[in-house]
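Those protein sequence lines, which keep their order, are chains S and H. The first sequence: position 64 = 64 (this note's numbering), numbered continuously. The second sequence: position 10 = 125 (this note's numbering), numbered continuously. For every residue, glycine included, the Cβ atom is placed at its ideal position computed from N, Cα and C.
There are 2 protein chains.
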Amino acid sequence: METNKNENIFQVNKEIDWQPAGPGIQRQIFGYGDQVMMVKVLFEKDAVGALHNHPHIQVSYVESGVFEVIIGGEKKTLRGGDGFYVPSNVEHGCHCLEAGVLIDVFTPQREDFLI
Amino acid sequence: METNKNENIFQVNKEIDWQPAGPGIQRQIFGYGDQVMMVKVLFEKDAVGALHNHPHIQVSYVESGVFEVIIGGEKKTLRGGDGFYVPSNVEHGCHCLEAGVLIDVFTPQREDFLI
């Protein structure tokens with residue numbers, strides 16, 4: 001029995017609130033349950049997702065834009081259609097080179113996003 | 116220690132093989148480890164993801180196109196930018212109304228996709 005989940009199985013973009021997530025960054029919470037959470041993150045050009053780490057495994061999709069992504073000290077420029085994978089507790093971050101959207105999925109869910 | 120994972124932390128769209136996944140459907144395997152797997156699924160117009168279920172929890176993002184999605188008997192038309200969540204073992208499927216792409220994420224990984 002899941003205790004902490006999105007009651008909506010369907011997520012309609014225009015119905016979901018945007019939350020501030022740092023300078024030039026906003027996010028929407030998509031589907032989630034105890035074990036997984038999907039988050040849409042909108043970046044303005046030059047916004048920076050500062051280096052950080054968390055125990056959650058993260059798998060991300062670049063929906064649009066261009067991002068310089070750093071994972072565990074490795075750096076790569078990714079564009080719409082690409083993706084990346086962040087193992088548990090590995091330091092990662094990104095620099096948005098052209099405005100765009102990341103789809104971040106975490107396992108387990110990011111309880112810290114559900115305040 | 117993860118035993119079954121994508122050695123590439125960065126997934127570059129144009130470098131990933133497309134695999135047949137049914138009539139009018141192809142997929143690319145993006146980032147994965149034991150606990151999570153991201154898959155990009157390309158649908159032609161009128162392609163059908165037949166009703167099925169699996170123990171894996173699935174959270175999906177509609178990257179583009181229009182899909183009629185059924186989850187546990189509930190039906191909804193979703194467009195690029197929307198998403199959906201499929202609890203464990205709940206029957207689900209889709210009908211592609213306008214050609215597009217779904218980003219499907221499974222927890223745990225779909226070992227059956229790694230043959």
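Length-filtered (3 minimum) beta strand (DSSP E) runs lying within the region 19 to 84 of chain S:
25 to 33, 36 to 43, 48 to 52, 57 to 71 and 74 to 79
Under the DSSP definition of a beta bridge, which residues are partnered with Val220 (chain H)?
Translated into the one-based positions of the second sequence, residue 220 (chain H) becomes position 105. BP columns for Val220 (chain H) point to H:Met153 and H:Val174.
Could you tell me whether any Cβ in chain H is nearer than 8 Å to the Cβ of Gly73 (chain S)?
Along the first sequence, read from residue 1 onward, the residue named residue 73 (chain S) stands at position 73. Answer no: the Cβ-Cβ gap between Gly73 (chain S) and chain H never drops below 8 Å.
Could you list which residues in chain H have their beta carbon closer than 7 Å to that of Gln35 (chain S), in chain order?
Numbered from 1 along the first sequence, position 35 holds the residue referred to as residue 35 (chain S). By Cβ distance, chain H contributes Ile172 and Thr222.
In chain B, which residues lie with their C-beta within 7 Å of the C-beta of Val41 (chain S)?
In the structure shown, chain B does not exist; the protein chains are S and H.
Here's the rule: buried if 16 or more other CB atoms are within 10 angstroms of the residue's CB, otherwise exposed. What is Glu114 (chain S)?
Here residue 114 (chain S) refers to the residue found at position 114 of the first sequence. A quick correction: the sequence has Leu, not Glu, at residue 114 (chain S). Counting Cβ neighbours within 10 Å, Leu114 (chain S) comes out exposed, since fewer than 16 surround it.
Give the C-beta separation of Phe30 (chain S) and Tyr176 (chain H) to the nearest angstrom, bearing in mind that I take them to be a contact with Cβ-Cβ under 8 Å.
Position 30 of the first sequence holds residue 30 (chain S). Position 61 of the second sequence holds residue 176 (chain H). Right, their Cβ atoms sit about 7 Å apart.
Which class does Glu15 (chain S) belong to by DSSP, given the choice of helix, strand or coil?
Residue numbering aside, residue 15 (chain S) sits at position 15 when the first sequence is read from its first letter. Glu15 (chain S) falls in the helix class under three-state DSSP.
Pairwise C-alpha distance: His54 (chain S) and Ser179 (chain H)
Against the second sequence, residue 179 (chain H) aligns to sequence position 64. Against the first sequence, residue 54 (chain S) aligns to sequence position 54. Taking the straight line joining both Cα atoms gives about 30 Å.
For Glu7 (chain S), which three-state DSSP category applies?
The residue you call residue 7 (chain S) lines up with position 7 of the first sequence. Residue state, collapsed to three classes: coil.
Sorted by chain position, which residues of the same chain lie with C-beta nearer than 7 Å to Val205 (chain H)'s C-beta, five sequence neighbours on each side aside?
What you label residue 205 (chain H) is simply residue 90 of the second sequence in a count that begins at 1. Asn168, Ile186 and Gly187, listed in sequence order.
With DSSP collapsed to three states, give me the class of Glu206 (chain H).
Looking up residue 206 (chain H) in the second sequence gives position 91. Of the three classes helix, strand and coil, the one that applies to Glu206 (chain H) here is coil, per DSSP.
I think Ala47 (chain S) touches Ile16 (chain S), with their Cβ atoms under 8 Å apart; what is that distance to the nearest whole Å?
The residue you call residue 47 (chain S) lines up with position 47 of the first sequence. The residue you call residue 16 (chain S) lines up with position 16 of the first sequence. Wrong, their Cβ atoms sit about 20 Å apart, outside the cutoff.
Mind listing the chain H neighbours of Val12 (chain S)? Cutoff is C-beta to C-beta under 9 Å, in chain order.
Within the first sequence, numbered from 1, the residue matching residue 12 (chain S) stands at position 12. Within 9 Å Cβ-Cβ: Lys191, Leu193, Arg194, Gly196, Asp197 and Gly198.
Starting from Glu111 (chain S), follow its DSSP beta bridges and name the residues at the other end.
Taking the first residue of the first sequence as position 1, residue 111 (chain S) is located at position 111. BP columns for Glu111 (chain S) are empty, so no partner.
Using only CA atoms, which one of H:Thr222, H:Ala136 and H:Gln150 lies nearest to Glu159 (chain H)?
For the purposes of this step, residue 159 (chain H) is taken as residue 44 along the second sequence, with counting starting at 1. Answer by Cα proximity: H:Ala136.
Which same chain residues end up closer than 6 Å to Gly49 (chain S) when comparing Cβ atoms and leaving out the 5 residues on each side of it in sequence?
Position 49 of the first sequence holds residue 49 (chain S). Excluding residues within five positions, the ones whose Cβ falls inside 6 Å are Gly93 and Cys94.
Considering Cα atoms alone, identify which of S:Thr107, S:Glu111 and S:Leu51 is closest to Met153 (chain H).
The count along the second sequence starts at 1 and reaches residue 153 (chain H) at position 38. Of the candidates S:Thr107, S:Glu111 and S:Leu51, the one whose C-alpha sits nearest the C-alpha of Met153 (chain H) is S:Thr107.
By alpha-carbon positions, which one of H:Asp149, H:Val127 and H:Lys120 ends up nearest to Gln143 (chain H)?
Taking the second sequence and counting its residues from 1, one reaches residue 143 (chain H) at position 28. Nearest of H:Asp149, H:Val127 and H:Lys120 to Gln143 (chain H), Cα basis: H:Val127.
Note down, in chain order, each residue of its chain lying with its Cβ closer than 7 Å to the Cβ of Lys40 (chain S), except the 5 sequence neighbours on either side.
Numbered from its first residue, the first sequence carries residue 40 (chain S) at position 40. Once the five neighbours on either side are set aside, the close Cβ partners of Lys40 (chain S) are Arg27, Gln28, Phe30, Val101 and Ile103.
Is there a Cβ of chain H sitting closer than 8 Å to that of Asn4 (chain S), yes or no?
Residue mapping note: residue 4 (chain S) aligns to position 4 of the first sequence, counting from 1. Closer than 8 Å: no.
Can you grab the Cα-Cα spacing for the pair Val69 (chain S) / Leu166 (chain H), in whole Å?
On the first sequence, residue 69 (chain S) is found 69 positions in, with the first residue counted as 1. On the second sequence, residue 166 (chain H) is found 51 positions in, with the first residue counted as 1. About 37 Å.
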